[in-house]
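Residue numbers (the working numbering): 181 to 492.
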């Protein structure tokens with residue numbers, strides 16, 4: 181079995197050694213320009229078109245949970261990967277726990293009004309504030325995939341009213357489910373904290389805009405953990421300035437790295453991290469990829485295959 185590997189920033193030597201140990205008999209090599217030798221599988225992140233074009237691969241694995249970058253390149257260069265070749269994404273590989281940590285800590289931060297207390301500290305004011313109640317702190321999750329399910333599961337332990345919105349209805353215990361554009365308004369109207377974990381598709385680009393934000397409860401909070409293209413940053417800033425949205429926590433942006441001139445940097449009610457909410461954990465990724473390849477070789481059913489039409 182021959183496997184080619186390409187990632188512009190990962191420690192390639194570590195990955196080659198780990199994959200060789202995890203998949204008995206596998207010959208794993210780093211792909212470099214001009215390498216047209218046989219390969220059965222390709223493990224990639226932002227691959228050059230020539231790496232995959234014309235190859236008769238058994239499968240391609242994207243080295244992350246999101247596949248929008250490779251799908252975008254496929255749209256521009258359909259010859260890069262034959263439609264019959266399955267494309268897989270990393271389903272969890274430690275990212276679920278990281279998203280749980282991030283989402284729960286931020287929801288609790290807002291619920292306990294730590295943002296307000298930090299603002300009071302900056303003014304040297306000693307002022308206890310009224311507490312929020314859980315009943316008035318409904319959390320709505322946009323996107324009900326693997327990571328959305330993990331976040332909902334972790335928030336249940338804290339007793340917040342939970343709801344989710346996705347393309348199709350879910351049957352998660354303790355979570356009110358909304359589906360499709362016709363139910364988006366009802367989902368938003370009772371949401372105090374909006375957590376975005378949607379996939380990046382043509383339908384979801386720019387979805388968090390002025391119209392959507394206006395339908396949230398007054399004094400809402402926005403947590404964007406998915407993709408920067410989902411959020412109209414100017415509309416968010418306007419909603420913050422009007423008071424409709426009380427605070428925002430952003431991990432992803434329309435441009436990355438975020439330009440120094442972006443007004444997001446200086447807005448007092450915007451907190452930010454540099455796209456670190458959930459990163460690929462190499463050991464867990466190798467375990468998932470190796471198990472999936474071995475299952476494919478044995479003819480077993482596997483999960484994680486991307487629907488190229490839906491985009492996730």
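We put the beta carbon where it would ideally sit given N, CA and C, even for glycine.
If you're wondering where the values come from, they're calculated on a predicted model, not measured in any experiment.
From residue i to residue j, what does the alpha carbon distance come to, in whole angstroms?
i: residue 411; j: residue 388; result: 5 Å
i: residue 208; j: residue 471; result: 15 Å
i: residue 250; j: residue 242; result: 8 Å
i: residue 311; j: residue 355; result: 24 Å
i: residue 226; j: residue 188; result: 8 Å
i: residue 407; j: residue 264; result: 28 Å
i: residue 473; j: residue 298; result: 49 Å
i: residue 475; j: residue 283; result: 33 Å
i: residue 253; j: residue 405; result: 23 Å
i: residue 233; j: residue 194; result: 26 Å
i: residue 266; j: residue 247; result: 13 Å
i: residue 359; j: residue 211; result: 42 Å
i: residue 196; j: residue 380; result: 30 Å
i: residue 262; j: residue 218; result: 16 Å
i: residue 192; j: residue 230; result: 19 Å
i: residue 449; j: residue 302; result: 13 Å
i: residue 454; j: residue 433; result: 9 Å
i: residue 190; j: residue 456; result: 15 Å
i: residue 357; j: residue 344; result: 5 Å
i: residue 425; j: residue 286; result: 15 Å
i: residue 216; j: residue 346; result: 41 Å
i: residue 174; j: residue 321; result: With the chain covering only 181 through 492, there is no way to say anything about residue 174.
i: residue 181; j: residue 257; result: 27 Å
i: residue 395; j: residue 365; result: 7 Å
i: residue 235; j: residue 386; result: 35 Å
Determine, using beta carbons only, whether residue i and residue j come nearer to each other than 8 Å.
i: residue 199; j: residue 183; result: yes
i: residue 393; j: residue 369; result: no
i: residue 245; j: residue 221; result: no
i: residue 280; j: residue 351; result: no
i: residue 428; j: residue 459; result: no
i: residue 319; j: residue 342; result: yes
i: residue 296; j: residue 277; result: no
i: residue 223; j: residue 469; result: yes
i: residue 491; j: residue 268; result: no
i: residue 340; j: residue 317; result: yes
i: residue 416; j: residue 443; result: no
Quick check on DSSP: helix, strand or coil for residue i?
i: residue 429; result: strand
i: residue 211; result: coil
i: residue 265; result: coil
i: residue 345; result: strand
i: residue 477; result: helix
i: residue 492; result: coil
i: residue 398; result: coil
i: residue 388; result: strand
i: residue 378; result: coil
i: residue 329; result: helix
i: residue 309; result: coil
i: residue 319; result: strand
i: residue 197; result: helix
i: residue 243; result: coil
i: residue 284; result: helix
i: residue 216; result: coil
i: residue 203; result: coil
i: residue 358; result: strand
i: residue 255; result: helix
Take the Cβ of residue i as the centre, count every other Cβ of all protein chains shown within 10 Å, and call the residue buried at 16 or more, exposed below.
i: residue 255; result: exposed
i: residue 431; result: buried
i: residue 479; result: exposed
i: residue 414; result: exposed
i: residue 397; result: buried
i: residue 337; result: exposed
i: residue 489; result: exposed
i: residue 348; result: exposed
i: residue 330; result: buried
i: residue 314; result: exposed
i: residue 332; result: buried
i: residue 361; result: exposed
Given 8 Å, three or more beta-carbon pairs between the stretch 292-310 and the stretch 360-379: no
Can you find at least 3 beta carbon pairs, one from the stretch 458-478 and one from the stretch 435-446, that sit closer than 8 Å? no
Report yes or no: do the stretch 321-334 and the stretch 267-278 share at least 3 C-beta pairs separated by less than 8 Å? yes
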